[in-house]
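Please read the structure below before turning to the comments.
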Amino acid sequence: MNRSLALALGLAALAVPLQAQAAPPASASASPLAGTERLDGLYPVHVDQKGGRILLSLPVAGDDGVVTRMLYATALRTGLGSAPIGLDRAQPGPAQILLVRRMGKKIAFELENPRFRASSGTPAEQAAAANAFATSLIWMGDAIDGPDGRLLVDIAPFLARDTRNVTAQLNSSGEKGWRLVDNLSAADPAAVRAFPMNLEFEARQTYASDTPGPEVRNIAPDARQVTLVVRHSLIALPESGYVPRQFDPRGGSFATQILDFSAPLGGQIVQNLANRFRLERLDPAAPRSRVRKPIVFYIDNAAPEPIRTALLEGASWWKQAFEAAGFVDAYRVEILPEGADPLDIRYNVVNWVNRATRGWSYGYAVSDPRTGEILKGSVLLGSLRVRQDMLIYEGLVGADKTGTGGPNDPVQVALARIRQLAAHEVGHALGLMHNFAGSTQDRASVMDYPAPRIGLKDGAPDLSDAYGVGMGRWDVHAIDWLYGDPVSGDPDAAARAKAEAAESEGLRFVSDENARSVSASQPWGSLWDDGADPVAELDRMMQVRAAAVSRFGPAALAPGEPVASLRRKFVPIWLVHRYQVEAAAKLLGGLTSEYAVGPGAAAQGAPVAPADQKRALDSLLATLQPAVLDVPSALMPQLSAGFSGDYDRQTEIEIMPMAGTAAFDPLVAAQVAAQQTLNALLAPERLARMAEQHRANPDSPGVDAVAARLLALTDAPQATARLGAVRRALGTRIILSLARAAMSSDAGVDATTRIDQALHDWAEAQTGKRFADPADRAWALSTARLLKDRDALKALLASDKADLPIPPGMPIGDIQD
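Here the sequence shown stands for residues -22 to -1, 1 to 795, numbered as in mature numbering (1 follows the signal peptide of the UniProt record, and there is no 0).
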């Protein structure tokens, strides 16, 4: 028997619950166990298939009333299918400490609060810390004395409750009025499974609303009612012996926060424990050793080929990092065997999730709230993301390349992307945060969001080097920091030394809080960008964009695909530079900083050099030239092709506003591209920093210079009347964006007053100006009147009319990718 077959058979055996025992004989009909069958596992469970009872058999309570403690976690067996709302198939909830307590004739299920503690204090100190903070009693049922002297409790009513708080998640993203329907919700006795270390239960829960929103209306057969199957897991507390790792902001890991009131004076009460799996070396004295229990991830067998193999290959990249950290065969990836339960707490699974529209993928880690130990990794990969990638690649290089197997084959590029995505999300499940600086150091981390590296070959877009392969320098370091232990000495001290060495080597780390916002100040942390120099890469991407737009057309269509589909495919090509714009803008008012740790930390917050800020401003303004914003006239008939039938929900939210039915509006497209740059350039917090940096160093570009150069674009001479119309559309976006910035409290008094004065001066200058083009005169005087009427201007900016919807670029839904 080969190793793979043996593993598959072993997993299949584990997936089968321990043998059920027959119900008590008929003579015992008065027994509470009458009509039940017994399942043995962590605790015995007596299941009444006909009566719907699920009797949990527990030990008798101690003198303090405490019966037992377990970990309690939920997950979704079935999903809603909505990317914005979430509630995905296989989505886990957090693990919590469930205390079971007997109170007279009642059994209470109570969530303890291990975040607050006095771990090294006396019993009195520990009790004082525990009693100072609230717990959450989530259910109470009747206590039943079993015939064997054990305690019985029917948990079916508990399982039917909304302990996962699905109602709150449904009442989001435009949805409202959702509530649990008790008489349409019940536990499923047939779904009970018992294993030595965990018990698994399911309930079918129905939620109702009289006012469902667009997401549910697009999905549910009856939009007023949504039914989900919720998994409940009762899990044995992990064995002792796990050694927590102290969190270090330089390490790149997630953490579990605790407040330890027994910390000595001078110590830290607020402590963070890095989240990681337990890896115990068989030979602690050896620099390289096998481990007692390897980390194994399983690829959902619901993922189709060739995607399934690509997921396995990408997720397997982490083996390289664990080997470099001294762990031999400590990490591997397999295909989930038939019959194995992907929601079982014992299996780390990469799940393939379908939704109605494209959305984020997620890497979850279910961890012990007391220690941060990861107990289960659960990755959710949205199936439509790869389809969106295909759409982009076919728009860049043509649909005729699809399936050819060459370096520009969209299928091969999409598989390269899915390998990277699998590695990225498994990295989260292993305990790692994003590192959005990886792109600035030649693909140093799969924990970045990678833009496809689009080259130009013979004047045409080229995807032969779109994505990297394998671990980056940061990834290898991060696994060593998080999991690696010295042969001797203090593990936390060794981890600190590794973090310091990475700093000395210049290895960059920038995570979400310093990178996601368009107004962020850190110049090295951006999403979906590329290149060591954000400005140089923006200039290069504008060349790529020009080539891609000039070549765009019916070649992007598959045989038989409606020409109207070009409207959706055009958007990511037209805005292919959008994320590099944001990356370049972060140099303006930028501050370089690290996650420094004292004592002896270097000074932080050094402004970006004035020369680099000026380069960034020049490149950003170059994206606002009317010629750059002009949609080629040859594309207009193709982008205005008629369409028979209804758009699907995805298309409706992906295309730019039209000029009525099928008519494509090139001036809307010009404004959308312009607004992308203006949003980044005029982010209020950025303007505040620019004003302060210019005050400290007049060589840095100030707000006056930004406003003056933007306003100069509104009347720059154009070679043709067509470009003049684009310039007026651009001017509208510039004026409204500056006016909004002038009213923003986040921009600071200095910046807002300067912009307000610049707009006032511009409006006054239009009155006596001579115009060669009547259209220019009408636009300028009308805009000047608006600026002078403060009430009308404020009303416009507060209305939807001033906002221009920009089609989504990133995956749609909650940000957790």
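For every residue, glycine included, the Cβ atom is placed at its ideal position computed from N, Cα and C.
For residue i, the first and last residue of its enclosing alpha helix (DSSP H)
i, result
"I370", "L362 to V375"
"M519", "P512 to R529"
"Y50", "Note, Y50: premise wrong, no alpha helix (DSSP H); beta strand (DSSP E) at V44 to L54."
"R706", "A699 to A720"
"I85", "Per DSSP, I85 belongs to no alpha helix (DSSP H); it is in the beta strand (DSSP E), K84 to L89."
"A589", "P588 to A600"
"N109", "P101 to N109"
"R195", "P192 to R195"
Start and end residues, beta strand (DSSP E) containing residue i
i, result
"R438", "Arg is not the amino acid found at residue 438; the sequence shown has Ala there. Unbroken beta strand (DSSP E) run through A438: A438 to D440."
"T205", "Q203 to I213"
"G503", "First-last for G503: undefined, no H or E at that position."
"M118", "S114 to D120"
"I32", "I32 to L36"
"L321", "Note, L321: premise wrong, no beta strand (DSSP E); not H, not E."
From the options, residue whose alpha carbon lies closest to that of residue i
i, options, result
"V587", "D677, A394, S618 and D517", "Reading off the sequence shown, one finds Ala at residue 587, where the question assumed Val. When each option's Cα is compared against that of A587, the closest is D677."
"M449", "A8, N413, S466 and G191", "N413"
"R256", "A542, L408 and P174", "L408"
"F749", "D781, I313 and A694", "A694"
"S499", "A233, A770 and A658", "A658"
"I213", "Y371, G244 and L76", "L76"
"I457", "S482, M425 and A429", "M425"
"V513", "A697, R93 and R593", "R593"
"D307", "N279, S267 and A318", "S267"
"E630", "D126, D440 and T335", "T335"
"R67", "V78, L54, A61 and S218", "L54"
"A669", "T655, L656 and V684", "V684"
"R31", "K84, R95, A106 and A181", "A181"
"residue 809", "L251, G433, L645 and A640", "Here the chain has residues from -22 to 795 only, and residue 809 is not among them."
"L544", "K779, L58 and I633", "I633"
"M368", "V389, P265 and L260", "V389"
Local conformation of residue i per DSSP, three classes
i, result
"A611", "Before going further, note that residue 611 is Ser rather than Ala in the sequence given. Helix, per DSSP."
"F749", "coil"
"G229", "coil"
"V404", "helix"
"T692", "coil"
"L177", "strand"
"S218", "coil"
"R555", "The question names Arg, yet the displayed sequence has His at residue 555. Correct three-state label for H555: coil."
"N386", "coil"
"A6", "Residue placement at A6 cannot be trusted, given a pLDDT of 45 that sits under 50; the coordinates are not used to answer."
"M634", "coil"
"S760", "helix"
"T234", "strand"
"T639", "coil"
"A780", "helix"
"N657", "helix"
"I63", "coil"
"L775", "helix"
"R687", "helix"
"N161", "helix"
"P785", "coil"
"Q398", "helix"
"D739", "helix"
Identified DSSP bridge partners for residue i
i, result
"T184", "T205"
"I277", "I313 and V328"
"L260", "L260 is not bridged to any residue."
"G341", "V357"
"residue 827", "One cannot answer for residue 827 here, as it falls past the ends of the chain, which runs -22 to 795."
"N149", "Per DSSP, none; premise fails for N149."
"R171", "E178"
"D734", "Paired residues: none, contrary to the question."
"P585", "L569"
"K435", "A438"
"F239", "According to DSSP, F239 bridges with nothing at all."
"Q224", "L251"
"M81", "K84"
"P70", "A53"
Residue i beta carbon near the ligand MG (any heavy atom closer than 7 Å)
i, result
"L505", "The ligand MG is not part of the structure shown, which contains no ligands of any sort."
Discussion item. Just to confirm the assignment: which complete alpha helix (DSSP H) runs, minimum length 4, are found wholly within the segment 446 to 486?
Written reply: Fully enclosed alpha helix (DSSP H) runs of 4 or longer: 451 to 461 and 469 to 482.
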